[in-house]
Each structure stands twice: as structure tokens, then as C-alpha cells.
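Engineer: Going by the working numbering, the first residue of the sequence shown is number 4, and it counts up by one from there.
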Amino acid sequence: MHEFNIGLLVVAASALLLGLLSTPLKRVGLPDSVSLLLVGVVLGPTGFGLLDPAQWGNEMAILEQVARLALAIGLMGIALRLPKSYIFHHWRSLCVLLLVSMPVMWLCSSVITGWALGLPLGAALLIGAVITPTDPVVASTVVTGPVAKENLPAYLRHIISSESGANDGLTFIFVMFAVFLLTLPADQSITTNILGVLGGDILVALVLGTMIGYSVGFAIRKAEEKNTIDQPSMLMVTTALALTTLAAVKLVGSNGILAVFVAGLAFDQQANASEKQEEERVVEGVDRFFTSPIFLLLGLMIPWQAWLSLGWPALLVIGVLFLRRLPILLLVGGHIKDLPSKLDGSFTGWFGPIGVAALYYAALAHHKTDVAELWPVVSLLVVSSILVHGLTAMPFSHLYRQIKGSSASS
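1) I'd like the ranges of any alpha helix (DSSP H) spanning at least 4 consecutive residues and lying wholly in the stretch 321 to 353.
2) Buried or exposed: aspartate 426, going by 16 or more other Cβ atoms within 10 Å of its Cβ?
3) Report yes or no: do the stretch 375 to 390 and the stretch 114 to 123 share at least 3 C-beta pairs separated by less than 8 Å?
4) Confirm, please, whether the CB-CB distance from glycine 203 to valine 265 is below 8 Å.
5) So what's tryptophan 118 in DSSP terms, helix, strand or just coil?
6) I want to check one thing, is the minimum distance from the CB of glycine 121 to the heavy atoms of the ligand COA below 7 Å?
7) With distance defined between alpha-carbon atoms, name the residue in Arg291, Leu159, Ser143 and Thr248 nearest to valine 207.
8) Note down the Cα distance separating valine 69 from alanine 366, rounded to an integer number of angstroms.
9) Along the alpha helix (DSSP H) that carries glutamate 62, what are the first and last residues, could you check?
10) For valine 386 versus aspartate 138, is the C-beta distance shorter than 8 Å?
11) Report back the beta-carbon spacing between histidine 401 and phenylalanine 354 to the nearest angstrom; my notes put them in contact at under 8 Å.
12) Helix, strand or coil: how does DSSP classify glycine 193 here?
13) With 16 as the cutoff for other CB atoms within 10 Å, does histidine 369 come out buried or exposed?
14) Identify, in the order they occur along the chain, each residue of the same chain with its Cβ nearer than 6 Å to the Cβ of arginine 404, setting aside the five sequence neighbours on each side.
15) Would you check if the distance between the CB atom of threonine 351 and the CB atom of isoleucine 163 is smaller than 8 Å?
16) Which same chain residues, not among the five before or five after arginine 71, have their C-beta less than 8 Å away from its C-beta?
17) So, are the CB atoms of glycine 212 and alanine 169 less than 8 Å apart?
18) Keeping to the same chain, check which residues put their C-beta closer than 6 Å to that of leucine 128; ignore five residues upstream and five downstream.
19) Would the stretch 34 to 52 and the stretch 298 to 308 be scored as touching if the rule is three or more Cβ pairs under 8 Å?
20) Assign threonine 186 to one of two classes, buried (16 or more other C-beta atoms within 10 Å of its C-beta) or exposed (fewer than that).
21) Out of Arg160, Ala361, Leu54 and Arg95, point me to the one whose CA is closest to leucine 416's CA.
22) Would you kindly work out how many angstroms separate the C-alpha atoms of isoleucine 232 and glutamine 272, rounded to a whole number?
23) Got a sec, what are the start and stop residues for the alpha helix (DSSP H) aspartate 138 sits in?
24) With distances taken from CA atoms, which of Ile176, Leu384, Gly267 and Ala157 is nearest isoleucine 134?
25) Spatial neighbours of threonine 174 within its chain, please: CB distance less than 6 Å, with the 5 preceding and 5 following residues excluded, ordered by chain position.
26) Please state whether DSSP places serine 387 in a helix, a strand or coil.
27) Candidates Met179, Val42, Pro356 and Leu346: which alpha carbon is nearest isoleucine 408's?
28) Given this structure, state the Cα-to-Cα distance separating leucine 332 from arginine 224, to the nearest angstrom.
29) Closest to alanine 64 by CA distance: which of Thr194, Leu300 and Ser295 is it?
30) Taking just the CA atoms, how far does asparagine 230 sit from glycine 131?
31) In terms of residues, what are the limits of the alpha helix (DSSP H) holding valine 178?
32) Check the C-beta distance from alanine 16 over to phenylalanine 293 and give it rounded, since I have them as a contact under 8 Å.
33) Going by Cα to Cα distance, which pick from Gly256, Thr195 and Leu101 is closest to arginine 328?
34) Quick one: what does DSSP say phenylalanine 51 is sitting in, helix, strand or coil?
35) Measure from the alpha carbon of glutamine 39 to the alpha carbon of each residue in Val141, His338 and Cys98, then state which is nearest.
36) Could you tell me the alpha carbon to alpha carbon distance between cysteine 98 and leucine 201, rounded to whole angstroms?
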């Protein structure tokens, strides 16, 4: 109970301080994720030792649930930030990013990880799958706030957001493929099990998420017509929708992460413009509070000794951050509607951070496999991505605007 109160105090006080200093922190380019990560390191076992997750129970089980909650709130925020019917109008670009770029990112990440650490095929494919999704929570540093709106066009912010929202749930396919490769007996078919994932996890999540989101939106419209709902109640509905969908879809054994994003998109079809603006503001505030614990927890759980056992991982970190995503998006840039130039492709290719989604899938895979390198490698890459992508968000956004302006004037 003593550590719980300390943890509660740290989370609440950090959220309060970051809220009070939100504008200057965004102006200097210091994202919440970096600040909270450092707080976790300072208060954790390697710092002052005030908090130690190892004493709370199963660390990976705690990580999985905290990350799952943070993802749900983050994905709902993304769904509400996108323009109404955005997915229907921009499906071609999203198909290229999800069906072409995403598998390439998985294979590139697997090759780099396997080569840098000398891992067997199954372990490399698993780690590559876990770090494939672009993170919606860390990516919010790039696409929200005054700096983003001043420097980046809306089409670029929207495509980064929508891709990060969709690929978090779809990554489950790649993760489970690697898990099946590592764990299934020789007499069981990987193809059959993957088809089960596609039907039982992906398809069911799409259907249930659509039904729940649209039904809640429809119910709100009817409640408005009958004057049975007031404005404060409406503004809490989206958070409740995210958590309801996450829990309900998980209880039926399907992919709650994907379902939350789909539910947010379906709900958004029922919202009018003024309500949508209010909902965005509320969800953004709730999002920041609910995602604070995951970065603190990561700082507390950093496996320093395991990192040292990897040897000199600089090649791994550099290879993944620069080659996992940037080359394929450079090739795509200029060939699809929502990335109309190589500049857009390179910016989107760089800002594909590895974050909360990778933590969630690492914890999930940890329960299903015995790959010893999984947590050390994934945690190293997540921390590196949070620091590198978080600290380059503002200067690269300004650089994008300068280059874009120079190109337009020439």
C-alpha cells in the first residue's frame, strides 16, 4: 500500500506539473513521454529506489494491462481527431501503408535484429513483429499541439495518425505468426492458425467495434432528441466507449485494440461538428493522463543489466530506427495521394515511433514464448525511439516547413 500511494502521487503530480507547463514544454520540444520516462528512471531501482515493479507481482502482466489501457485511450483520441469519413475517402493510401509498407517494415526489422544479434529466425521474426507498429501515443507529439499545426499540413498529420491507429491492431497477425512458428508442434499448420486469427481476432474485432461504436453514437442522437442527456455526460461518453469496447471485445476472445479504433471511427459518424470539437479536447486531456503511467512504468522497468549483455547494440538501434521504415516510405512518397512528395514520404518515414504498442505486444508475446532477448531488445528500442523521435519532433517539423516553403517559392 505504501508503494501504491507513492506511485499514485508520482503519476498524479507528474500529470499536474506537465499540465501546468504544457505550453512551454511543447514550445521547447520536450514531450511528455521523455519527461515521464526520466522520472521513472530516477525513482526506480537504479535511481532512488522509491518504486520497484518487481515487488508488485508479475511485471510483464502489469505492463501488458497498463499498455493495453493506454493504447485504448490513445486510439480513441486518434479516431476522434480524424475528419469524419476520413478512412472511406483515403482508403487507397492506407491500403498501401498497411498492406505493402507494414509487411516490409516487419521483414526489415526482423532482418536487422537477426543480423545484429545473431538470433534464430523465429526469435528475429517475433521481435521484428513486436516493433513493427507505429505508436499512436508517441506519434501524438508530432501531430498535435501548436507546433504541429503551425508547421505540418493537415493531410500529413492525418495520414500519420490514421496509419498508427490501424496498424496497432493489425500487427497482431505478425506477432501471432511468429508465436506459432516458435511454439506450434510440427503436426499443426501455421496457415490454419493464422486463418483463425484473421477470422476470430481481426474480422470479429472489425464487426464488433463497428457495431458498438455506431450503436453508442446512435443512442446519443436519440438521447439528445429526447433531452435525456446533458453536455457533461456526453463529453465522458468517448472515454467510456473506449473502455467498454476494450473490455467487451476481449471478453469474447477477440482483438480489443483494433476494435477500439474501429469503434471510435464508427462513433464519429454520428457526431456533429461542435460535439466533435468538444470531444477531441476532452479525450486529449484524458489521453495524456491515462498514458502517463506507461512511460513511468517503462522507466522503472528498464533492464539495464540485460542491455549490457547485448554487447554494443548501437548497430541494432541505428539500423532499426533508420532502416525499419524510412526507405520504404521514401519509395512510396510521391506515388500516393496522401504522401504527394518525397519530402512527405521522408517525414512520415522518420516519424514512425516505436512505443506503447510495442510494449503491449512484447508483454503479450512474453507470456506465450521463451525468447530471452525479447524484453531487453524491445525495451531498448522503445526507449531509444522515445528519446530520438520525441526530441526531433519539433526541429524536424520546423525543417519540414522551411523546405516546403522553399520548394513552393522556387
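We put the CB at the ideal spot given by N, CA and C, even for glycine. Remember, it's a predicted structure, so these values are computed and weren't measured experimentally.
Structural biologist: The answer reads as follows:
1) 329 to 335 and 345 to 353, all fully within the stretch 321 to 353.
2) As displayed, the chain neither begins before 4 nor continues past 413, which places residue 426 out of reach and without an answer.
3) By the Cβ criterion, the stretch 375 to 390 is in contact with the stretch 114 to 123, since at least three pairs of Cβ atoms, one from each stretch, lie closer than 8 Å.
4) Locating residue 265 in the sequence shown gives position 262, counting from the first residue. Locating residue 203 in the sequence shown gives position 200, counting from the first residue. Cβ distance not < 8 Å, so valine 265 and glycine 203 don't count as in contact.
5) By 1-based counting over the sequence shown, the position of residue 118 is 115. Three-state DSSP puts tryptophan 118 in a helix.
6) By its list of ligands, the structure shown contains no ligand whatsoever, and the ligand COA lies outside what it can speak to.
7) One-based indexing of the sequence shown puts residue 207 at position 204. The residue with the shortest Cα to Cα distance from valine 207 is Thr248.
8) As a first step, residue 69 must be located in the sequence shown, where it is residue number 66. As a first step, residue 366 must be located in the sequence shown, where it is residue number 363. Computed Cα separation, rounded: 10 Å.
9) One-based indexing of the sequence shown puts residue 62 at position 59. Here the alpha helix (DSSP H) through glutamate 62 covers 62 to 84.
10) Here residue 386 is taken as the residue at index 383 of the sequence shown, counted from 1. Here residue 138 is taken as the residue at index 135 of the sequence shown, counted from 1. Not closer than 8 Å, so no.
11) Position 398 of the sequence shown, counted from the start, is the residue given in the question as residue 401. Position 351 of the sequence shown, counted from the start, is the residue given in the question as residue 354. About 14 Å; that fails the 8 Å criterion.
12) Within the sequence shown, numbered from 1, the residue matching residue 193 stands at position 190. For the sequence presented, residue 193 should be read as isoleucine rather than glycine. The answer is helix: DSSP assigns isoleucine 193 an H, G or I state.
13) For the purposes of this step, residue 369 is taken as residue 366 along the sequence shown, with counting starting at 1. So histidine 369 ends up on the buried side.
14) The count along the sequence shown starts at 1 and reaches residue 404 at position 401. Here the set comprises Asn154.
15) As a working mapping, residue 351 is identified with position 348 in the sequence shown. As a working mapping, residue 163 is identified with position 160 in the sequence shown. Their beta carbons are under 8 Å apart, which means threonine 351 touches isoleucine 163 by this criterion.
16) Counting from one through the sequence shown, the residue named residue 71 turns up at place 68. So the qualifying residues of the chain are Leu249, Gly259, Ile260 and Tyr363.
17) For the purposes of this step, residue 212 is taken as residue 209 along the sequence shown, with counting starting at 1. For the purposes of this step, residue 169 is taken as residue 166 along the sequence shown, with counting starting at 1. It is not a contact, given that the beta carbons lie outside the stated cut-off.
18) Within the sequence shown, residue 128 is the residue found at index 125, counting from 1. Counting only Cβ-Cβ distances below 6 Å, and skipping sequence neighbours, we find Ser113 and Ala181.
19) Between the stretch 34 to 52 and the stretch 298 to 308, the count of C-beta pairs closer than 8 Å reaches three or more; the two stretches touch.
20) Sequence index remark: in the sequence shown, residue 186 carries index 183 (1-based). Exposed, by the Cβ-count rule.
21) Nothing about residue 416 can be read from this structure; the chain reaches only from 4 to 413.
22) Stepping through the sequence shown from its first residue, residue 232 is reached at position 229. Stepping through the sequence shown from its first residue, residue 272 is reached at position 269. Looking at the backbone, the Cα of isoleucine 232 and that of glutamine 272 are separated by about 19 Å.
23) Residue numbering aside, residue 138 sits at position 135 when the sequence shown is read from its first letter. Element bounds for aspartate 138: n/a, residue is neither H nor E.
24) Numbered from 1 along the sequence shown, position 131 holds the residue referred to as residue 134. Checked all of Ile176, Leu384, Gly267 and Ala157; the closest Cα to isoleucine 134 is Leu384.
25) Mapped onto the sequence shown, residue 174 falls at position 171. Non-local C-beta neighbours of threonine 174 in its own chain, meaning closer than 6 Å and more than five positions away in sequence, comprise Thr135 and Pro136, ordered along the chain.
26) Mapped onto the sequence shown, residue 387 falls at position 384. Here serine 387 sits in helix by DSSP.
27) Looking up residue 408 in the sequence shown gives position 405. Residue identity differs from the one stated: residue 408 is glycine in this sequence, not isoleucine. For glycine 408, the nearest C-alpha among the options comes from Leu346.
28) In the sequence shown, residue 332 corresponds to position 329, counting from 1. In the sequence shown, residue 224 corresponds to position 221, counting from 1. Put simply, the backbone Cα of leucine 332 is about 41 Å away from that of arginine 224.
29) What you label residue 64 is simply residue 61 of the sequence shown in a count that begins at 1. When each option's Cα is compared against that of alanine 64, the closest is Leu300.
30) If you number the sequence shown from 1, residue 131 lands on position 128. If you number the sequence shown from 1, residue 230 lands on position 227. Inter-residue distance for glycine 131 and asparagine 230 is about 51 Å (C-alpha atoms, whole angstroms).
31) Mapped onto the sequence shown, residue 178 falls at position 175. 157 to 186 is the span of the alpha helix (DSSP H), which, as asked, contains valine 178.
32) By one-based count along the sequence shown, residue 16 stands at place 13. By one-based count along the sequence shown, residue 293 stands at place 290. Taking the Cβ atoms as the reference, alanine 16 lies roughly 16 Å from phenylalanine 293, outside the contact range of under 8 Å.
33) For the purposes of this step, residue 328 is taken as residue 325 along the sequence shown, with counting starting at 1. It is Leu101.
34) Your numbering for residue 51 matches position 48 in the sequence shown. It is coil, neither helix nor strand.
35) Your numbering for residue 39 matches position 36 in the sequence shown. According to the sequence provided, residue 39 is leucine. The question's glutamine does not apply to it. Of the candidates Val141, His338 and Cys98, the one whose C-alpha sits nearest the C-alpha of leucine 39 is Val141.
36) Along the sequence shown, read from residue 1 onward, the residue named residue 98 stands at position 95. Along the sequence shown, read from residue 1 onward, the residue named residue 201 stands at position 198. Looking at the two C-alpha atoms, the distance is approximately 17 Å.
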